[in-house]
Ligand SMILES: [Zn+2]
Ligand SMILES: [Zn+2]
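In the numbering used here, the protein residues as written are 140 to 264.
Spelled out as structure tokens, the structure:
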């Protein structure tokens with residue numbers, strides 16, 4: 140699946156290069172962290188897919204968004220994902236998962252490389 144690039148705005152050029160399923164947190168039942176790359180302009184960023192079914196009865200909310208991070212952080216996350224033996228298993232407890240599954244005091248997942256006040260953008264098909 141490919142998406143619209145936030146930088147060059149070309150359609151279907153932004154791809155998920157790596158992704159890892161993370162443990163549920165105080166807000167979401169499903170979390171995956173993704174490394175995104177545009178094949179046209181070379182843009183790189185991080186993406187998050189979150190799914191929650193804890194809202195009102197029968198309601199399910201899905202959130203797919205991206206944010207920018209420096210190249211060093213992106214490379215680090217990419218190699219953490221590559222070191223994990225089971226990136227599709229949210230219950231994996233390897234060192235990479237422990238590193239990427241950090242929580243704040245309210246039990247909310249801490250997004251790697253995300254600076255306070257930083258903007259996110261919706262990921263669109
Ligand atoms: Zn692009
Ligand atoms: Zn793992």
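Even glycine gets a Cβ: it sits at the ideal position worked out from N, Cα and C.
Residues bridged to residue i (per DSSP)
i: residue 232; result: Per DSSP, none; premise fails for residue 232.
i: residue 261; result: 204
i: residue 141; result: 154
i: residue 161; result: 170
i: residue 242; result: 248
Distance between beta carbons of residue j and residue i, contact taken as under 8 Å
i: residue 247; j: residue 165; result: 5 Å
i: residue 154; j: residue 167; result: Not confirmed; about 23 Å, so no contact.
i: residue 174; j: residue 143; result: Not quite, the Cβ-Cβ distance comes to about 17 Å (not below 8 Å), so this is no contact.
Cut-off 7 Å between Cβ atoms - residues of its own chain near residue i, not counting five sequence neighbours on either side
i: residue 159; result: 171, 172, 220, 223, 226 and 239
i: residue 259; result: 204, 205 and 206
Neighbourhood of residue i by C-beta, 6 Å cutoff - its chain only, sequence neighbours within 5 removed
i: residue 83; result: Because the chain spans 140 through 264 in this model, residue 83 falls outside it and cannot be assessed.
i: residue 193; result: none
*Which whole runs of the alpha helix (DSSP H) in the segment 169–194 are 4 residues long or more, in chain order?*
Taken in chain order, the complete alpha helix (DSSP H) segments of 4 or more residues contained in the segment 169–194 number zero; there are none.
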